[in-house]
Structures are given as C-alpha cells and as structure tokens.
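First comes the structure, then the notes that go with it.
Protein chains: 2
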Amino acid sequence: MTPDSQDPGLRRAIIDAVADGFERQVHFLTEFTRIPSLRGQEDSALDFMAGALRARGWSVDDWTAPLESLRHEPGFCDCAGEVRSVRSVVGTLSSGTGAGRSLILQGHLDVVPEGPHAMWHSPPFAPEIRDGWMYGRGAGDMKAGKVAALFAVDALRRAGVTPSGRLHYQSVVEEESSGLGALATLARGYRADCAFIPEPTGLGLVRAQVGAIWFRLKVRGRPAHVAYASTGASAITATMHLITALQRMEARWNDAARDHPQYRDVPHPLNFNAGKIAGGDWTSSLPAWCDVDCRMGLLPGDDVAARRAEITRTIETAAAEHPFLRDNPPKILWTGFMADGYTLNDADAPEACLARAHHTATGQDRPEDQSWTALTDTRFYGLYHGIPSLCYGPLADSIHGFDERVDLASVQRCTEVIALFIADWCGLDSLPGTPGKA
Amino acid sequence: MTPDSQDPGLRRAIIDAVADGFERQVHFLTEFTRIPSLRGQEDSALDFMAGALRARGWSVDDWTAPLESLRHEPGFCDCAGEVRSVRSVVGTLSSGTGAGRSLILQGHLDVVPEGPHAMWHSPPFAPEIRDGWMYGRGAGDMKAGKVAALFAVDALRRAGVTPSGRLHYQSVVEEESSGLGALATLARGYRADCAFIPEPTGLGLVRAQVGAIWFRLKVRGRPAHVAYASTGASAITATMHLITALQRMEARWNDAARDHPQYRDVPHPLNFNAGKIAGGDWTSSLPAWCDVDCRMGLLPGDDVAARRAEITRTIETAAAEHPFLRDNPPKILWTGFMADGYTLNDADAPEACLARAHHTATGQDRPEDQSWTALTDTRFYGLYHGIPSLCYGPLADSIHGFDERVDLASVQRCTEVIALFIADWCGLDSLPGTPGKA
Chain A
1 MTPDSQDPGL RRAIIDAVAD GFERQVHFLT EFTRIPSLRG QEDSALDFMA GALRARGWSV
61 DDWTAPLESL RHEPGFCDCA GEVRSVRSVV GTLSSGTGAG RSLILQGHLD VVPEGPHAMW
121 HSPPFAPEIR DGWMYGRGAG DMKAGKVAAL FAVDALRRAG VTPSGRLHYQ SVVEEESSGL
181 GALATLARGY RADCAFIPEP TGLGLVRAQV GAIWFRLKVR GRPAHVAYAS TGASAITATM
241 HLITALQRME ARWNDAARDH PQYRDVPHPL NFNAGKIAGG DWTSSLPAWC DVDCRMGLLP
301 GDDVAARRAE ITRTIETAAA EHPFLRDNPP KILWTGFMAD GYTLNDADAP EACLARAHHT
361 ATGQDRPEDQ SWTALTDTRF YGLYHGIPSL CYGPLADSIH GFDERVDLAS VQRCTEVIAL
421 FIADWCGLDS LPGTPGKA
Chain B
1 MTPDSQDPGL RRAIIDAVAD GFERQVHFLT EFTRIPSLRG QEDSALDFMA GALRARGWSV
61 DDWTAPLESL RHEPGFCDCA GEVRSVRSVV GTLSSGTGAG RSLILQGHLD VVPEGPHAMW
121 HSPPFAPEIR DGWMYGRGAG DMKAGKVAAL FAVDALRRAG VTPSGRLHYQ SVVEEESSGL
181 GALATLARGY RADCAFIPEP TGLGLVRAQV GAIWFRLKVR GRPAHVAYAS TGASAITATM
241 HLITALQRME ARWNDAARDH PQYRDVPHPL NFNAGKIAGG DWTSSLPAWC DVDCRMGLLP
301 GDDVAARRAE ITRTIETAAA EHPFLRDNPP KILWTGFMAD GYTLNDADAP EACLARAHHT
361 ATGQDRPEDQ SWTALTDTRF YGLYHGIPSL CYGPLADSIH GFDERVDLAS VQRCTEVIAL
421 FIADWCGLDS LPGTPGKA
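As you go down the protein sequences, you meet chains A and B in turn. For the first sequence, full-length UniProt numbering assigns the number 1 to the initial residue and increments by one for each residue that follows. For the second sequence, full-length UniProt numbering assigns the number 1 to the initial residue and increments by one for each residue that follows.
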C-alpha cells in the first residue's frame, strides 16, 4: 500500500520524527558550523557531507570539475582565473519505487569571511546557542537550512516512509562568489522536476532575486615621497574618486528600478558595495597602488553583459576626468559573479506543495513572497534549465555580519516543511522492514 | 706641525683620496643597500655599520634603549606602543689631539617599504648602476650620504691627516617614522659642537623643514550582508568621508602657510597623505572595519600639540555629521611622528665651513638654501639641544618611490665636501706613521 502524504496521521508522524531527531540535528549543525569552509577551503566540509551521506546509505558522487570543462555552461564566469576547479558532492537516494517526481535538495557550504574575531561575541567557528539562537559564521547562511534538508529525509525514514521520486542532495561551493558549484552539478548532468534551496528566508519564499556583478579595480601609478605630493598622485584618493563615480551609477540604477514589477516597493534594491580595500605601503609614501573589490546588483531581466559594459563605461569616464587616472587607467578584473537576476514563475505545482507543508507546520496559509536584494543559486535551475526552483528556509540574522545567528525553532519548522514537501512532491513508498508504519 | 685645512695642496690631496677610495665606496654602498633595513628590521644594517667602524679602529657603542627610558626627552613620541626599544650604533674617533671642534656625523639606516616589486625596473634590494645612477631602495634616502660620511673620514686618513676634534659617527633608526633613533643618541649623552646629516639634498643646504604628525584612523562598525546595505554602514565609505574632511583641513593649513617666511614661495608645503589603507573582508559583505595610516605636515613654529588637537577636532567634527560615524566614532592612534618643524639659524660658523668645502668641490659660491616639505633628524640637535645642525647630501631621485636612485657623481662630490668640512670644522692632526704627508 502506498502511503498517502496527505494523511494527517502520517503528517503528524513526520513532524514527530523531526522532533525526535532534532537534538541530533542541532548537534550535527554545530559540528558542521565548526568547519571554517571559506572560499577555497571547503574540502573538510565536503568530506563531512560525503561521510554523512554514506553513513545514511545514499550513493555518493564526489568529483572535481576543472574550470575549463564548465566554460560553455550558461551562467559561467571565469573569476579572473582565481578558481581552477570546482569540487561538489551529490548524494542520490533511490530507495523508493521511482514513481514519484524527482527533487534536487541543494545547499552551499561555502561561508563568507568572519572578519575580526574581536567583533564577535563568541568565536565565529565555535558555535554557541543562546536564547534559542545558534551563533556562528555560516550557521544561518546556509548550514542550518542545508542540514535541515538532510534531516528532513532522515525524519521521513524514521516515520517509515521514503521518497518515491529520486532525490539528489547536493553540496556545492562558490555560491557566495560565482555560483560555479551549482553550475558544476548541472554540467555533470543532474536534473530533477524541481529544485529546493533552503537559504535563510525566515520561512518565506523568494519570489524574485537580484543579480550581481563582481569586479576588482586595480589602481597603479608612480608615487613619490609625500613631500612631493604634486609630482606623484595617490592611488588611494584616485580609488576614492572611482568609488564615488560608482555610487552615482548606483543611484541612477536604483532610480530606474522604481518601475520594476518585483522591486517597485523595495526602497533600494540594487546595492553597490566596495567590500574590501587595500593600498599603499607606508604612511609617508604616496600610495602607488590600491585594490578595491566591488559588487553591484542588477535587476531580474537586466542583461548582464550590458550592465557590465555600463560599469566599465562608468569607470572609464571617471578615469578620463581625473588627472592621475587619465594617465594610469585602472585595470578592471571580473573576479566572480556575472549573475542574472531571477523571478520564480511557472512553479504552481511545487508552490502548492510548499504552501501545504508550510500551512501544516506553521498554521499560516502560505509563505510570504519576498523580493531579495541578494542572490541564490536558484537562477541556474530556473533560468537556464527550466527547473522550477524554490528558495525557502529558516530565520537567520546578521548573515555576512558579526554574530551571525539562526533561530533554532525556525530550523525545526523548516525541517518539518521540507519533509512534508518531499512527501507531497516526490510521493512516498513504505520502507521495507517498517510495514506497520505505512 | 699641525696640518692647515686651508692649504690648497692638502685640499687637493683630500679630493684625490676620495677619488682613490670611490670604487670601494660604491662597492660598500652596494652591499649596504642590499640590506632591507625596513622599520623593525634594522639589526643587520646596524651590525654592518658596527663591523665597518670596528674594522677602521673606531670605538663602538652599540646599545638598545627601552622606549620608557626615552619618555622624558624633548621630541619624544610613543608610536602608539608599536616601538618597544631603540637600538643605535655610535662610533667615536678620538685619534687627534682633541683640540678642534667636535662633530656628530649622523645618518639613519632605516628605509621605507619598497612596494610591489613588479613596479621596479630592477629589484629594490639588488642595487644596480645604470648611467651613473645607483638604483635601490634606500640608496638615496639615505645610505649614499651615510656611506659618504664614513668614507670622507677614510679619505682624510689616507691623505695622512685625522680630525683634531672628536667625531661621532652615528647610525640611527626610526628617522622615517618618529626620530626616536636620533633622540636615543641624545639621551645617551652624545653632544658635539655641530651635527651634520647627509640626507639627499642635491648638494643644497636645508634651511627649513616642515614637521609632521602621524596617525591611524580605525573605523569599526556592525556590518551586514550587502543586501541590507541600509541597515549596516560601510566602514570603507565612512573612512573616505574622514579623508575628505582631512583634505579640506590640509587646504586650510596651506592657505595659512602663505605668510610663513620660509614657505611663502613654496606652492603647497603641507601635505596630507593617506598612505596606507586596509579594510573589509569580502566583496559582498559590508565592510566592518577600515584602517588608514595618515601623515600631515606642519610649519616650523607651529605648536605640535595644537596641530594635533586640530586634527582630532577635524575628525570628530566630520564623524559627528556622518550617520554611521556618529554612532561609531573612529579611534585615532598616534603611530609615529609628533615632529616640530625646524629652521636652521645661528649656524654661521659651520655654514661658512660648509660653503668653503662646497666651493672647493663644486666651484659654486655656496650651497643653495632649501625649504623642505619633508623632515629630517636635524630638529633634535638644533631645536632641543642648541647644536647647529646641517643637512646636506647627494642628489637622489624618487625617494620613497619606485626606482629610487642616487647620482654617483654627486655622491663623490658630497664625500669631498664632507671630508673638507671635517678638516675645516674639526681641524686636523697628522696621523702618526705618515709624517711625510703632513
């Protein structure tokens, strides 16, 4: 007999199973958050996930794609040569009959740098729980959601059922800088009827997300002793001039964004950020060099190449009117994201499943629609491969900031929602050996 | 019989002796310039100098003064705790009768950072000679002058004479950041009737020099994901706001400098420099921190404490009008110079000796007077100890910049001038064992 995912008793059993496993889940999340999986240092976290999948009997695909092998995929960016290869770990669960719809449960395990530790209340890679929140770099973005997806499947199995459709549990890197991890799994051939990414949405659904472009400005010039400031120009103040020009461009783009259907109510959707700066060597030497790493948002529907050309033009125009930069034009490196914005459309079926699951777990009708000023990997599935891609996850706070944290009650709700969503979307089969529960 | 320093034959013999030794001098300068004697890494260069003095039979005083022992000396600054102690090497030559005037020959051996090596034509610490110039970090500022002073004494001795007055050949550190090296030698008790510092002046005489104040601004604040730029403010753009305020202060100070007797003809004597900047950790995180190292000049006669208070006030005022800095006031660290400007006065006697030496070596009446927009250690001798202090040395180019270089012909002239100056100022005795030459 096929278990009925709408059966209230089964739904209650699934929720109870999540609760039963939640202490282990929090412990697992703590261990996972301990791993400082910064860009380029994700191997331990990938190993951790591969081990967890193998221990659960998933079949595991753990491979490294040379960057060149990805070049012709849509959404590719070359990260200015700073990324040579991309490792991913995908677990596949085919324990059911395969009759149901398939699902990709994707999550990134890269985290952004933690910044000066002195500015954290507790050490960023020594997770602590206070007042129901877990604190730690990556706890919110997005290790809690990622772990929730894994434990959601565990809960189903503890409830005596297993997804009828094929499941891919994907651990990817580079989400925070380029999306090359998601792209590598698609290049490998992984497809499904739906993708689900539990980024921290506060149990809302991302309806629209911006795109982004990353670039580094490298200003170079001949400096001198500060005594002769007039004979050499400062690379630092020249860089300030470029940042100011980009801030003016940001204002123009946001003015234009007032007409966008998904963003007309968002006050300032497109953010320019000079995120990292370094320049000069000595207090009393005119700085000869300055590098600044920049990020600029763009709207769903914007043409990335055209936006990139506008950024280039803004920098070139600003340089041409500056006495030092005119003779020392800045170099622009495209260091990461070359990312389209994305709007979730044509996803009625998975959205209906999500709404039912959300209702069961929270009592609310449906998750709130969100227009994000950040981005997620959903664009790869939705834009380039026609796979409806839901982004829904727990409540986090101060992601990318100090004292990043995730609300553990919301993590439990989210785990319930994912389990119920899987049950509904993929259908269920009884697990052999637990006939009494089906 | 006492040799007559004005005797044309002896003066010719001294000049010839400089020429005889010049190949060795250039070799010595090459080896000395090879040593990357950056701030905090001066030990090898001090050892090198101590060895050179011992090999010549000078008595050597090589000591390290704890910073605290210097606190009550005039001109002291505490470098924000970043300097713990100051090592100096002083050679004393008392080979003559002691009847003549005494002289301090001082030179610093610290060099400023070389910056990105790719911007040098040849490696900064592998000195090369091209078209009569020696290239290398520190070759000009001020290793060539420093070596010239040592080889000037060598030349006198090869000419069969030795200074009648006591000579102190002083190797100091921290000239480029605080002056604590010069201060340490004065605290040790070294005094003389005149001090001579062969900084690269292009065979001119420094009549006036500016003072300077060093400080670091530390901006800190709570950042966030760039998606929420409005909830966290950028430490980098906040720092830009402070730099702009300091540039306005710089303009005001230079307007006021138009009345200064030594600087009314200097277009922009007081330079503000943001010399080094570092901030932020990630392109897509709002930067939570930014540090910038700054230098501001001041005029001879300015009160350092009052200028420092003005800098503080400028920063505080700018912070108060900035939405982020208002709640996160920047920290100011005083990281180095707290230096008075200095004008050379009441030095008729040594100036006359220098003019005679300069005339003999170059044919010009007297060295050109210079109003420097940089500073030297002369202020310690002249301002605080009433020791007339001459700054005169070879021709250098691009000091603190890439491809720093010194003109070797000017180094030879400078060596002649220093030798003739010593002869004139200190008087001469015949060296035992070379009676025929006296």
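Glycine included, each C-beta is placed from N, C-alpha and C at the ideal position.
Query - Closest residue to cysteine 353 of chain B among B:Arg413, B:Val417 and B:His385 (Cα-Cα distance) - result: Nearest of B:Arg413, B:Val417 and B:His385 to cysteine 353 of chain B, Cα basis: B:Val417.
Query - Closer than 9 Å at the beta carbon, the chain B residues around aspartate 281 of chain A - result: Within 9 Å Cβ-Cβ: Val112, Pro113, Glu114, Gly115, Pro116, Gly275 and Lys276.
Requested in this report: State the start and end residues of the unbroken alpha helix (DSSP H) segment that holds histidine 359 of chain A.
Outcome: Per DSSP, histidine 359 of chain A belongs to the alpha helix (DSSP H) from 348-362.
Requested in this report: With a threshold of 16 other CB atoms inside 10 Å of the CB of arginine 413 of chain A, please say whether the residue is buried or exposed.
Outcome: So arginine 413 of chain A ends up on the buried side.
Report task. For the segment 282-295 of chain B, enumerate the residues whose C-beta is nearer than 9 Å to any C-beta of chain A, in chain order. Result -> So the list reads Trp282, Thr283, Ser284, Ser285, Leu286, Pro287, Ala288, Trp289, Cys290, Val292, Asp293, Cys294 and Arg295, given in the order they occur along the chain.
**Report entry** proline 74 of chain A in three-state terms, based on DSSP
**Finding:** Coil, per DSSP.
Query raised in the report: Mind pulling the chain A residues with CB within less than 9 Å of residue 441 of chain B?
Result: Lying before the first or after the last residue shown, residue 441 of chain B is absent from chain B, which here runs from 1 to 438.
Report task. Note down, in chain order, all residues in the segment 332-358 of chain A with a beta-carbon under 9 Å from any beta-carbon belonging to chain B. Result -> So the list reads Thr335, Gly336 and Phe337, given in the order they occur along the chain.
**Report entry** Interface residues of chain A facing tryptophan 58 of chain B [CB-CB closer than 9 Å]
**Finding:** Residues of chain A passing the Cβ test: none, with the nearest at roughly 32 Å.
Requested in this report: Out of A:Thr30, A:Gly40, A:Ser37 and A:Thr92, point me to the one whose CA is closest to arginine 56 of chain A's CA.
Outcome: When each option's Cα is compared against that of arginine 56 of chain A, the closest is A:Thr92.
**Report entry** chain B contact for methionine 119 of chain A (CB, 8 Å cutoff)
**Finding:** Methionine 119 of chain A has a beta carbon lying within less than 8 Å of a beta carbon in chain B.
Query raised in the report: Three or more beta-carbon pairs under 8 Å between the segment 232-246 of chain B and the segment 374-389 of chain B, yes or no?
Result: They do not touch, by the three-pair rule.
Query raised in the report: Excluding the five sequence neighbours on either side, which residues of its own chain have a C-beta within less than 7 Å of the C-beta of isoleucine 236 of chain A, listed in chain order?
Result: Excluding positions up to five away in sequence, the list reads Gly279, Gly280, Pro287 and Cys290.
Query - Beta carbon proximity, glutamate 82 of chain A to chain B, threshold 8 Å - result: Closer than 8 Å: no.
Report task. Answer with buried or exposed for serine 284 of chain A, where buried requires no fewer than 16 other C-beta atoms within 10 angstroms of its C-beta. Result -> Buried, because 16 or more other Cβ atoms sit within 10 Å of the Cβ of serine 284 of chain A.
Query raised in the report: DSSP state of isoleucine 311 of chain B, grouped into three classes?
Result: Residue state, collapsed to three classes: helix.
Query - Simplified DSSP assignment, three categories, for proline 8 of chain A - result: Here DSSP, grouped into helix, strand and coil, assigns proline 8 of chain A to helix.
Query raised in the report: So what does DSSP say about tyrosine 247 of chain B, is it helix, strand or coil?
Result: Looking at the sequence shown, residue 247 of chain B is not tyrosine but glutamine. Three-state result, glutamine 247 of chain B: helix.
Report task. Please name the residue in B:Arg356, B:Ala80 and B:Ser371 whose C-alpha comes closest to that of glutamate 68 of chain B. Result -> Taking only the C-alpha atoms, the option nearest glutamate 68 of chain B is B:Ala80.
Query raised in the report: Listed from N- to C-terminal order along the chain, which residues in the segment 164-182 of chain B have their beta-carbon within a distance smaller than 7 Å of any beta-carbon of chain A?
Result: Taking 7 Å as the Cβ-Cβ cut-off, the segment 164-182 of chain B approaches chain A at Glu176, given in chain order.
Query - Under 8 Å from the C-beta of methionine 49 of chain A: neighbouring residues of chain B - result: Going along chain B, no residue has its Cβ under 8 Å from methionine 49 of chain A, so there is no contact; the nearest lies around 23 Å.
Query raised in the report: By Cβ distance, which residues of its chain are closer than 7 Å to histidine 117 of chain A, with the 5 residues on each side in sequence left out?
Result: Same-chain partners within the cutoff: Pro123 and Pro124.
Query raised in the report: Under the three-state reduction of DSSP, which class applies to tyrosine 190 of chain A: helix, strand or coil?
Result: Annotated three-state conformation of tyrosine 190 of chain A is coil, per DSSP.
Report task. Mark alanine 256 of chain A as exposed unless 16 or more other C-beta atoms lie within 10 angstroms of its C-beta, in which case mark it buried. Result -> Around the C-beta of alanine 256 of chain A, fewer than 16 other C-beta atoms lie within 10 Å, and the residue is accordingly described as exposed.
Query - 7 Å Cβ shell around leucine 150 of chain B - same chain, five flanking residues per side excluded - result: For leucine 150 of chain B, same chain residues with a beta-carbon under 7 Å away, outside a window of 5 residues either side, are Ala52 and Tyr169 in chain order.
Report task. Return the first residue and the last residue of the alpha helix (DSSP H) that lysine 143 of chain A is part of. Result -> Premise fails: lysine 143 of chain A is in no alpha helix (DSSP H) and is neither H nor E.
Query - CB contact below 8 Å: residue 439 of chain B versus chain A - result: For chain B, the structure presents residues 1 to 438; residue 439 of chain B sits outside this window and is missing.
Query - Any alpha helix (DSSP H) of 4 or more consecutive residues that is wholly inside the segment 358-438 of chain A - result: DSSP runs (the alpha helix (DSSP H)) wholly in the segment 358-438 of chain A: 378-385 and 408-426.
Report task. For arginine 252 of chain A, I'd like the list of residues in its chain whose CB is within less than 6 Å of its CB, leaving aside the five on either flank, ordered along the chain. Result -> Result list for arginine 252 of chain A: empty, nothing under 6 Å.
Report task. Could you say if the segment 34-50 of chain B and the segment 103-111 of chain B meet the contact criterion of at least three C-beta pairs nearer than 8 Å? Result -> Yes, the segment 34-50 of chain B is in contact with the segment 103-111 of chain B.
Requested in this report: In angstroms with no decimal places, state the Cα-to-Cα distance between glycine 275 of chain B and proline 261 of chain B.
Outcome: Going from the Cα of glycine 275 of chain B to the Cα of proline 261 of chain B covers about 29 Å.
Report task. Quick one: give me the first and last residue of the beta strand (DSSP E) that arginine 84 of chain A is part of. Result -> Run containing arginine 84 of chain A: none; DSSP gives neither H nor E here.
Query raised in the report: Skipping 5 residues on each side, what residues in its chain have a beta carbon closer than 7 Å to that of lysine 218 of chain B?
Result: So the list reads Asp291, Pro330, Lys331 and Leu333, once near-sequence residues are dropped.
Requested in this report: Report buried or exposed for glycine 132 of chain A, applying the criterion of at least 16 other Cβ atoms within 10 angstroms of its Cβ.
Outcome: By the C-beta density criterion, glycine 132 of chain A is exposed, having fewer than 16 other C-beta atoms within 10 angstroms.
Report task. Assign alanine 13 of chain A to one of three DSSP states: helix, strand, or coil. Result -> Note: alanine 13 of chain A maps to helix in three-state DSSP.
Query - Limits of the unbroken beta strand (DSSP E) element including lysine 217 of chain A - result: Per the sequence shown, the amino acid found at residue 217 of chain A is leucine instead of lysine. Run containing leucine 217 of chain A: 211-220, per the beta strand (DSSP E) assignment.
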